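Chemist: Following the numbering used here, the numbering of the sequence shown begins with 75 at its first residue and continues without gaps.
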Amino acid sequence: MVRSKLREHVFKMLFQIEFNDAEDMFERLRNYFELLEDAADKDREYIQAKYEAVAARVPEIDSMLNEIAKGWKTSRMSKVDLTVLRLAVYEMKWDEDIPEGVAINEAVELAKRFGGENSSSFVNGILGKLAKQES
Numbered sequence: 075m076v077r078s079k080l081r082e083h084v085f086k087m088l089f090q091i092e093f094n095d096a097e098d099m100f101e102r103l104r105n106y107f108e109l110l111e112d113a114a115d116k117d118r119e120y121i122q123a124k125y126e127a128v129a130a131r132v133p134e135i136d137s138m139l140n141e142i143a144k145g146w147k148t149s150r151m152s153k154v155d156l157t158v159l160r161l162a163v164y165e166m167k168w169d170e171d172i173p174e175g176v177a178i179n180e181a182v183e184l185a186k187r188f189g190g191e192n193s194s195s196f197v198n199g200i201l202g203k204l205a206k207q208e209s
């Protein structure tokens, strides 16, 4: 499976965090994998590992987002935008296999596909601020 498709599956799993208790997520992940008939074992391992890595850092990522997004605290963001941002921030900060520009571009594409009319601009703006702050 190509990396953008894997990222989409990670996004879908992370999105469920907003609607489920943490202890239920293992079962959700297992159920999700049952629906992924075309995923190889290595794809499932990648999705699960990345989901767990991002989920473990959600409080830290949200804190960073609250600092960067002036006037847009995470509690006010759409759940789609917030999930896209969480994944992208993780990739930018901690995933050494993903170049920063790729993380931003992929996040914008996810926002276009799953978010609202202004989601891609919002996500791009927040991630752009983070990238400038980091350099």
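Note that beta-carbon positions come from the ideal geometry of N, C-alpha and C, so glycine has one too.
Since the model is a prediction, treat every value here as computed from it, not as a measurement.
Can you check whether the CB of residue 178 is closer than 8 Å to the CB of residue 160?
Modeler: no
Chemist: Whose C-beta lies closer than 6 Å to the C-beta of residue 89 among residues of the same chain, with five residues either side of it excluded?
Modeler: 157
Chemist: Excluding the five sequence neighbours on either side, which residues of its own chain have a C-beta within less than 6 Å of the C-beta of residue 184, listed in chain order?
Modeler: 85, 158
Chemist: Just confirm the distance between the C-beta atoms of residue 180 and residue 81, as a whole number of angstroms; I'd bet it's less than 8 Å.
Modeler: 6 Å
Chemist: May I ask you to report which of helix, strand or coil DSSP gives residue 144?
Modeler: coil
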